[in-house]
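Chemist:
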Amino acid sequence: DTKTNRPKNPQGRTGLAGRGLLGRWGPNHAGDPVVTRWAKDQQGHKKKVLEIILIHRKDTGELALPGGMVDAGEHVSAAVKREFIEEAMNSNHEGAKQIEALFQKAVSIYKGYVDDPRNTDNSWMETEAVNMHDETGELTKNLKLEA
1412 DTKTNRPKNP
1422 QGRTGLAGRG
1432 LLGRWGPNHA
1442 GDPVVTRWAK
1452 DQQGHKKKVL
1462 EIILIHRKDT
1472 GELALPGGMV
1482 DAGEHVSAAV
1492 KREFIEEAMN
1502 SNHEGAKQIE
1512 ALFQKAVSIY
1522 KGYVDDPRNT
1532 DNSWMETEAV
1542 NMHDETGELT
1552 KNLKLEA
C-alpha cells in the first residue's frame, strides 16, 4: 500500500486492517505435515481405508493438521518435522528412527496462500503442506501419538 507502506493481501481486502493476530506483516509462513497410511476398514475386511493423523487444537478443540509456523531462518522441512513431534507426539522423541524414515518420503503437495480467519488486509497465511505416506503402516503403527 503506497499510503501506509504496508504489504497488501494478494487475495484482496478482508475488511481488517493491520497485522491482527498474526506475528508478521505480509506473508506468515507455516508448514503442515499430512501423514497418511492405509488401514483395514472397521469390519476388518481387506478394503483399504486411508487414515490421516490429526490433532485437536487446544484453542478451539477443532481437528487440524499438526502444523505450525516456520521460525525465522528455518527451512519448511525442519518446521514440519518439529511441529509434528511437538503437536502429534507431545514432544515425545521415542520413535525417532520411524519419524526420520517417514520424513525421508516427504512430498510437497501444496504451497501457497491459505484462507485463514486470522488473515487481514496486511498480514496473511501461506503454507507448504507436505505428505508423508506410510504405505505398509510399519513406520506409524508404534508411534505414541499424544494429541
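Residue numbers (this note's numbering): 1412 to 1558.
Note that beta-carbon positions come from the ideal geometry of N, C-alpha and C, so glycine has one too.
So, helix, strand or coil for A1558, using DSSP?
Modeler: Working through the sequence shown from its first residue, we reach residue 1558 at position 147. Below a pLDDT of 50, predicted positions are generally treated as unreliable, and A1558, at 43, falls in that range; the measurement from the model is reported next regardless. Correct three-state label for A1558: coil.
Chemist: How long is the line joining the alpha carbons of T1551 and N1420, rounded to whole angstroms?
Modeler: If you number the sequence shown from 1, residue 1551 lands on position 140. If you number the sequence shown from 1, residue 1420 lands on position 9. Roughly 38 Å separates the two Cα atoms.
Chemist: Is DSSP giving A1428 helix, strand or coil here?
Modeler: Residue 1428 sits at position 17 when you count from the first residue of the sequence shown. A1428: coil per DSSP, three-state reduction.
Chemist: Since V1518 and V1541 are thought to touch, with beta carbons under 8 Å apart, how far apart are those beta carbons, to the nearest angstrom?
Modeler: Locating residue 1518 in the sequence shown gives position 107, where the first residue counts as 1. Locating residue 1541 in the sequence shown gives position 130, where the first residue counts as 1. About 7 Å; that satisfies the 8 Å criterion.
Chemist: Can you tell which of D1470, T1425, D1532, A1507 has the C-alpha that lies nearest to the C-alpha of T1415?
Modeler: If you number the sequence shown from 1, residue 1415 lands on position 4. Among D1470, T1425, D1532, A1507, the Cα nearest to that of T1415 is on D1532.
Chemist: What would DSSP say about K1508, mapped onto helix, strand or coil?
Modeler: Against the sequence shown, residue 1508 aligns to sequence position 97. Of the three classes helix, strand and coil, the one that applies to K1508 here is helix, per DSSP.
Chemist: Relative to the C-alpha of S1488, which candidate in I1466, K1459, A1499, E1539 has its C-alpha closest?
Modeler: As a first step, residue 1488 is located in the sequence shown; it is residue number 77 there, counting from the start. Of the candidates I1466, K1459, A1499, E1539, the one whose C-alpha sits nearest the C-alpha of S1488 is E1539.
Chemist: Given a cut-off of 8 Å, decide if F1495 and P1444 are closer than it, judged by their beta-carbon atoms.
Modeler: Your numbering for residue 1444 matches position 33 in the sequence shown. Your numbering for residue 1495 matches position 84 in the sequence shown. Contact flag set, yes.
Chemist: When you compare each of K1492, E1537, L1474 to K1508 by their alpha carbons, which one comes out closest?
Modeler: Here the question's residue 1508 lines up with position 97 in the sequence shown. Of K1492, E1537, L1474, the residue nearest in Cα terms is K1492.
Chemist: Can you tell me where the alpha helix (DSSP H) with A1489 in it begins and where it stops?
Modeler: The sequence position of residue 1489 within the sequence shown is 78, counting from 1. Counting along the chain, the alpha helix (DSSP H) containing A1489 begins and ends at 1487-1494.
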